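In my numbering, the protein residues as written are 309 to 852.
Even for Gly, the Cβ is constructed at its ideal location relative to N, Cα and C.
For clarity, every value in this text was computed on a predicted model and none was experimentally measured.
Heads up: the structure comes next, in C-alpha cells.
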C-alpha cells in the first residue's frame with residue numbers, strides 16, 4: 309500500500325493532476341479498467357464492457373439537467389403551446405454534444421478541473437469572475453431543486469418540512485461514501501427513475517401526427533409572441549447550463565478517464581444528450597395532450613398544479629408518476645450541481661477533492677457539499693421565502709453566465725499548451741462559434757426581457773438576430789486561416805499518451821488585442837446584467 313501511494317504521488321507531481329486520488333484504475337459502477345490497459349478493444353463484447361465501465365459522467369450530467377427547473381419548463385411548454393415547441397429540443401442535441409465533448413477532452417487530457425484551468429490560463433481576475441458567478445448560480449439552482457422536492461412531495465400530502473430534510477440527508481448519504489464506484493452505482497439507481505417518462509407519455513395516449521409535426525416543423529402555436537419567444541429562450545437556458553461544464557470535466561478527472569478512453573466517454577455524452585431530449589419531449593408531449601381543450605390549457609402555474617391537473621383530467625396514476633418524476637429529477641439535479649460546486653472549490657483552493665477519498669481524507673471537500681445542501685434546503689423551509697423569485701433568478705442568471713462559460717471553454721480548447729494534439733479542429737471551431745453567438749443572443753433577450761418586462765421579445769429577437777448574422781460574417785472574414793492552432797506530426801503520433809504537463813511549467817498565453825476586447829466586452833456585459841438583475845430582484849421582492 310505504501311509503495312502504491314508513493315507511485316501515485318510521483319505520477320501526480322509529473323503531471324497536472326492536483327489530487328493523486330485522480331490517478332489509477334478506472335472504477336465505475338459496472339466494473340474496473342486497469343490503469344495500464346490500452347484503449348483498443350478488438351471485439352464488440354469487450355468494447356461494450358469497457359463502455360459500461362466508462363459510462364457515467366456524460367449520462368449523469370445530461371439527465372441531471374432535466375432537473376426541477378427543466379421539468380417545470382417542459383411542462384409549461386406543453387401546457388401552453390402544445391406540441392409546437394418540440395423542434396427546439398431537436399436543435400439542442402448538437403449544442404449539448406459540442407459543448408460537453410469539449411469538456412470531456414479537457415478533463416481527460418489535462419487531469420484538471422475547469423475552474424483551475426481558467427485561473428491558470430486567464431489569471432486570477434477571470435478565475436474569480438468565472439468561479440464566483442458559478443458558486444452563486446449553483447447555490448440558487450440547488451435551492452430550486454429542493455423547491456421541486458417540496459412540490460412533488462406536496463402532491464402526496466407530505467409536508468415540505470419532512471420531505472426537504474429527508475431529501476437533504478439522502479443527498480449527503482449517497483455522496484459521503486468514500487468510494488467513487490459506490491456513489492456512481494447509487495446515482496444510476498436514481499437515474500433509473502427517469503425511465504418514468506415512458507409510462508408517463510404512454511398513459512397520455514398521444515397522437516403520432518401532431519408529435520411528428522412538432523418535431524419536424526419549426527413554429528409556435530398561436531404565432532410568435534413575446535411570451536412564446538421567451539419560453540423558447542427558457543427551454544435553451546434550462547437545458548444548457550454553466551454547471552454542466554464544470555461538473556463533467558471534474559467528474560471525468562475524478563473517474564480517472566485518460567485520453568485512451570475519450571472515444572468511450574464521447575459515446576457516454578452522446579447517449580446522455582439523446583436521453584435528456586427524449587425525457588424533455590415526453591414531458592412536453594404529455595402535458596400537451598392532457599391539457600388540450602381543457603380550462604388549464606395555456607395557464608401553467610407550477611409543477612405541483614401540473615401533477616394535480618394530470619390527475620384530474622387524465623388519471624391519478626399519471627399525476628402520481630409526474631410527481632415522482634419531479635422528485636427524482638430534483639434529487640439528480642441537486643446531487644450533480646452540488647458536486648460541481650464542491651469540485652470547483654477543491655480545484656480553486658488546491659484541496660483534496662475526490663469521491664475516491666473518505667470523509668477523513670477530504671473533510672473540506674465533503675464539508676462544502678454538506679454545507680451547501682443544508683443551507684439551500686433551509687432556505688426553502690423559511691416561511692414566506694421568495695421561492696418564485698429564486699426560480700426566476702436562476703433562469704435569468706444561467707442565461708447571463710452561459711455565454712462567458714462557453715467562451716472560456718472555446719478558448720481553452722484552442723490552447724495547444726493545454727490540449728496539445730487534442731485541440732479543436734477547424735470545423736468544430738466554426739460550429740462552436742455559431743453556438744456561442746446564438747447563446748449570446750439568447751442571453752441578451754432573456755436579460756432584457758427580465759429587466760424590462762414590457763419590451764417586445766419578438767423585436768429583440770429580430771434586432772439581436774440581425775446583429776448575430778452580421779457579426780458571424782465579420783468573424784469569418786477576419787479569422788480566415790486561423791481557426792485552429794497547428795499541431796506537429798509528433799504530437800499526432802503521441803495523441804493517446806499525451807497529457808498536459810504540470811501547470812507550473814506552462815507559460816500563460818499572451819492574449820491578442822481582439823481577445824482582450826472580446827473578453828472585456830463579455831465581462832462588462834455580465835457585470836452590468838447581473839447588477840440590473842439584482843436591482844430587479846429587489847424591486848420584485850418589495851412588491852414593485
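DSSP places residue 335 in the strand class (E or B) of the three-state scheme.
Annotation for residue 408: the continuous alpha helix (DSSP H) segment containing it runs 394–418. Residue 341 has 334 as its beta-bridge partners, per DSSP.
Contact fails between the stretch 404–418 and the stretch 492–507, because fewer than three Cβ pairs, one in each stretch, are under 8 Å apart. Sequence-distant partners of residue 630 (beyond 5 residues in either direction) whose C-beta falls short of 7 Å from its own C-beta, in its chain, are 508, 614, 615, 618.
Between residue 378 and residue 588 the beta-carbon gap is near 7 Å, inside 8 Å, which marks them as a contact. By the beta-carbon neighbour count (other beta carbons within 10 angstroms, threshold 16), residue 442 is buried. In the displayed model, residue 636 falls within a helix according to three-state DSSP. Here residue 772 is near residue 752, since their CB atoms are less than 8 Å apart. When only Cα atoms are considered, residue 758 and residue 834 end up about 14 Å apart.
Excluding the 5 residues flanking it on each side, residue 481 has no same chain C-beta neighbour closer than 8 Å. Cβ neighbours of residue 390 within its own chain (closer than 7 Å, five residues either side excluded): 529, 596, 600. The alpha carbon of residue 739 has as its nearest neighbour, out of 718, 436, 729, the alpha carbon of 718. Between the C-alpha atoms of residue 466 and residue 474 there is a straight-line separation of about 11 Å. Judged by DSSP secondary structure, residue 608 falls outside any alpha helix (DSSP H); it is assigned neither H nor E. Fully contained in the stretch 451–539 is no beta strand (DSSP E) run of length 3 or more. In the DSSP annotation of this structure, the continuous segment of the alpha helix (DSSP H) that includes residue 562 starts and ends at 550–562.
Pairing residue 569 with residue 817, the inter-Cα distance amounts to about 28 Å. The beta carbon of residue 341 is closer than 7 Å to those of 333, 334, 358, 361 in its chain, skipping five residues each way along the sequence. Contact between the stretch 425–444 and the stretch 572–579 is not established, with fewer than three Cβ pairs separated by less than 8 Å. Nearest C-alpha to residue 538 among 764, 828, 805: 764. Nearest in C-alpha terms to residue 611, of all of 620, 603, 634, is 634. Counting along the chain, the unbroken alpha helix (DSSP H) around residue 686 starts and ends at 671–688. With a 10 Å radius around the Cβ and a threshold of 16 neighbouring Cβ atoms, residue 387 comes out buried. Counting along the chain, the unbroken alpha helix (DSSP H) around residue 381 starts and ends at 376–389. In the structure shown, residue 733 adopts coil according to DSSP, grouped into three states. Under a 10 Å Cβ-count criterion, residue 557 is classified as buried, with 16 or more other Cβ atoms of the shown protein chains found around its own Cβ.
Assigned with DSSP and collapsed to three states, residue 826 falls in helix.
In the DSSP annotation of this structure, residue 659 is not part of any alpha helix (DSSP H), being labelled neither H nor E.
Under the three-state reduction of DSSP, residue 693 is assigned to coil, being neither helix nor strand. Distance check between residue 565 and each of 541, 691, 411 places 411 closest, using alpha-carbon atoms only.
Between residue 352 and residue 446, the gap from beta carbon to beta carbon reaches 8 Å or more.
In the three-state reduction of the DSSP assignment, residue 427 falls in the helix class, which pools H, G and I. For residue 381, the closest C-alpha among the options 682, 490, 535, 709 is that of 535. Here residue 742 carries a helix assignment [DSSP, helix/strand/coil]. In the same chain as residue 339, and ignoring 5 residues on each side of it, the C-beta atoms closer than 8 Å to its own belong to 357, 360, 361, in chain order.
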